[in-house]
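Colleague:
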Amino acid sequence: MKQRGRHRRRKRGRALRAFLAATALALTGAATMISASQATVDGSPGALKPLSTASDTAALRLRETQVPQRSLDRLAAGMGRPIGVGTVLSGADHTLRTASSCAAEERGALPVEPAATRAYCWNAADARSWRPGAVTTSGDADDDGVWGSNRVILSGWTQDSDASGRPLAKVAFVDADDLGRLSYTWVLLVVPVDGGRDYRALASRLSGMVWYEDKLLVTADDNGRDALYVYDMNRVQRATVAESAVGRVRGGWSAHGYRYVLPAVGSYQVTGADGAVPASISLDRTTTPDSLVASARPTTGDHRPARLWRYSFASAPTPSPRSGLLATDAGGYVDPTEAYETDGADIGGVLSHHSDWYVTRTGSGDGHGTLWRQTVDGARATRCGAEDRRNCWSPDTASLSYWEESGEVWTQSERMLFALPLASLDRALG
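According to mature numbering (1 follows the signal peptide of the UniProt record, and there is no 0), the sequence shown holds residues -26 to -1, 1 to 404 in order.
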């Protein structure tokens, strides 16, 4: 069973940083492919505005619900003993291409400034009817960067709809032990139904995802009330029938043709009629306790500014029933510990580190986006080109994940999975 490595010596971390620096890809050539005639992104999001009153934060309150243990046990009894992450990775049957093997059009989705130091593109067949969104890593799961004996990247994908017209959500489990050759396989996200006698697909777009301790939290718009779904990384189940259906079928269990499913063990629902559903989430280890960071775009007809906020994780040993879950009160409610408004529009990914908030915004003009660092004192954007333009970031990154041990930020656009040092972001931001 995986134990957390918070008190491990840092010698290993320093050695890894040296290795990463020595082997990082030189991708600055991607910047030269971007047209010099970029359109300027208008308008700074300005300083963050703290929200402190109960009326301000009421829309951010969540209620925790857990799938009954008997339902999970019944599902495991029907499908067979759950397997771990290492077993899934041992069956990785797809390979990501490194940047040098990606098409110029794919590399054109990389940031102009700062340049990515690692970049990969997906198998074209995998991207044909699915869209990548969220990213998290074993660097989120444990601060030593390793889960069991593996370094892992999780990439969340969404298919617009299946035969029933509802979206599907799956996760690429990426073996990142060799950063020069990433391999992966697919796991379908599902939700137990009928007391664990069956399961259905998670009908949601994956724009945010955090793997913390032994739990995976994903953004959800599954039924209009759910804000986050929770998955136990020790409960991956094998499908036994390779059909397009999802759930129990004649002869066994099907997962839309994939070999594995991960059933939800809980969820968090918004409590108010106008509750904010997170569009993006990430982990912040610089708070005590560690916290989940979230952002939400205003909904149609909602003229309020966008919001950024955080929830504390429960202080619990791993493994335990509360490990990897958010801190709740006696009634099972989760309240934000910090919240802000921002004038930023079209917010994508969000990341918090110490008192700095990093926010990406979707593309404009030539398609490239912007990345801002915001505090309560103001905002700065990465800039590039002779005219000091701001639209230097990747076109659409819905998720940001900081790998503490390596010092890298991982994210992905629709075409590329890539990483770059947080330090290089700070230098580009001034």
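A virtual CB, placed ideally from N, CA and C, is assigned to each residue, including glycine.
If you draw a straight line from the alpha carbon of residue 395 to that of residue 367, how long is it in whole angstroms?
Modeller: Approximately 14 Å, taken between the alpha carbons.
Colleague: Specify whether the segment 342 to 362 and the segment 106 to 120 touch according to this definition: at least 3 beta carbon pairs, one from each stretch, less than 8 Å apart.
Modeller: With a cut-off of 8 Å, the segment 106 to 120 and the segment 342 to 362 do not count as touching, because too few Cβ pairs lie within range.
Colleague: Between residue 11 and residue 384, what straight-line distance do the alpha-carbon atoms span, to the nearest angstrom?
Modeller: Interpretation of residue 11 is limited by its pLDDT of 31, a score under 50 that renders its predicted location unreliable; no figure is taken from the coordinates.
Colleague: Going by the CB atoms, is the gap between residue 355 and residue 371 shorter than 8 Å?
Modeller: Going by C-beta atoms, residue 371 is not nearer than 8 Å to residue 355.
Colleague: Please report the residue range of the beta strand (DSSP E) in which residue 58 lies.
Modeller: Here residue 58 belongs to no beta strand (DSSP E), and DSSP marks it neither H nor E.
Colleague: In the DSSP output, which residue or residues are listed as bridge partners for residue 38?
Modeller: Residue 38 pairs with 242.
Colleague: Unbroken beta strand (DSSP E) runs of length 3 or more, entirely within the segment 254 to 300: which are they?
Modeller: The qualifying runs are 254 to 258, 265 to 270, 280 to 286.
Colleague: Under the rule that 16 or more other beta-carbon atoms within 10 Å means buried, what is residue 113, buried or exposed?
Modeller: Buried, by the Cβ-count rule.
Colleague: Mind checking which residues open and close the beta strand (DSSP E) that includes residue 315?
Modeller: First-last of the beta strand (DSSP E) with residue 315: 312 to 316.
Colleague: Nearest to residue 64 by alpha carbon, out of 183, 298, 374, 158?
Modeller: Here the closest residue by C-alpha is 158.
Colleague: Identify the residues that DSSP records as bridge partners of residue 68: which are they?
Modeller: Paired residue(s): 158.
Colleague: Do you know how far the Cα of residue 83 is from the Cα of residue 182?
Modeller: Rounded to the nearest angstrom, the two C-alpha atoms are 20 Å apart.
Colleague: For residue 207, which three-state DSSP category applies?
Modeller: Here residue 207 sits in coil by DSSP.
Colleague: With H, G and I counted as helix, E and B as strand and the rest as coil, what does DSSP make of residue 403?
Modeller: The answer is helix: DSSP assigns residue 403 an H, G or I state.
Colleague: With a cut-off of 8 Å on the beta carbons, I'd call residue 148 and residue 129 a contact; round off their distance for me.
Modeller: Sure, about 6 Å apart at Cβ, within 8 Å.
Colleague: Taking Cβ positions, are residue 359 and residue 335 nearer each other than 8 Å?
Modeller: Going by C-beta atoms, residue 359 is not nearer than 8 Å to residue 335.
Colleague: What separation, rounded to the nearest whole angstrom, lies between the Cα atoms of residue 314 and residue 203?
Modeller: Answer to the nearest angstrom: the Cα atoms are 24 Å apart.
Colleague: Counting C-beta neighbours from all protein chains within 10 Å, is the total for residue 42 16 or more, i.e. buried, or is it exposed?
Modeller: Classification of residue 42: exposed, given that the 10 Å Cβ count is below 16.
Colleague: Look at residue 176 and residue 184 and say whether their C-beta atoms are less than 8 Å apart.
Modeller: Contact: no.
Colleague: Can you grab the Cα-Cα spacing for the pair residue 5 / residue 91, in whole Å?
Modeller: Here residue 5 scores only 39 on pLDDT, less than 50, and its place in the model should not be relied on; the value that follows carries that caveat. Between residue 5 and residue 91, the C-alpha separation is close to 12 Å.
Colleague: Cα separation between residue 223 and residue 294?
Modeller: So the two alpha carbons sit approximately 33 Å from each other.
Colleague: Got a sec? Which residues, its chain only, sit under 6 Å from residue 15 by beta carbon, not counting five neighbours each side?
Modeller: Interpretation of residue 15 is limited by its pLDDT of 39, a score under 50 that renders its predicted location unreliable; the figure taken from the coordinates is listed afterwards. If we look at residue 15 and ignore the five residues flanking it on each side, its Cβ neighbours are 338, 344, 364, 365.
Colleague: By the three-class DSSP mapping on this structure, what secondary structure does residue 31 have?
Modeller: Residue state, collapsed to three classes: helix.
Colleague: Is it buried or exposed for residue 206, if we count other Cβ within 10 angstroms and need 16 for buried?
Modeller: Buried, since its Cβ has 16 or more Cβ neighbours within 10 Å.
Colleague: Under the DSSP definition of a beta bridge, which residues are partnered with residue 142?
Modeller: Answer by DSSP bridge pairing, in chain order: 133.
Colleague: Less than 8 Å between the beta carbons of residue 251 and residue 325, yes or no?
Modeller: Contact: no.
Colleague: Excluding five sequence neighbours on each side, which residues of the same chain lie with their C-beta closer than 8 Å to the C-beta of residue 299?
Modeller: So the list reads 38, 189, 204, 240, 287, 288, 290, once near-sequence residues are dropped.
Colleague: Pick out whichever of 229, 96, 58, 211 has its Cα sitting closest to the Cα of residue 156.
Modeller: Per the Cα distances, 96.
Colleague: Put residue 228 into one of helix, strand or coil per three-state DSSP.
Modeller: Correct three-state label for residue 228: strand.
Colleague: Using only the alpha-carbon positions, how far apart do residue 79 and residue 60 sit?
Modeller: Roughly 34 Å between the two C-alpha positions.
Colleague: When DSSP labels each residue in this structure, what does residue 169 get in the three-state scheme?
Modeller: Three-state result, residue 169: helix.
Colleague: Within this structure, are the beta carbons of residue 260 and residue 328 separated by less than 8 Å?
Modeller: It is a contact, given that the beta carbons lie within the stated cut-off.
Colleague: Please name the residue, chosen from 346, 382, 253, 145, that lies closest to residue 402 on a Cα-to-Cα basis.
Modeller: Of the candidates 346, 382, 253, 145, the one whose C-alpha sits nearest the C-alpha of residue 402 is 346.
Colleague: Give the straight-line distance between the Cα atoms of residue 248 and residue 31, rounded to the nearest whole angstrom.
Modeller: Cα-Cα distance, rounded: 11 Å.
Colleague: With 16 other CB atoms within 10 Å as the buried threshold, where does residue 47 fall?
Modeller: It counts as exposed.
Colleague: Is residue 49 helix, strand or coil by DSSP?
Modeller: Reduced to three states, the DSSP call for residue 49 is helix.
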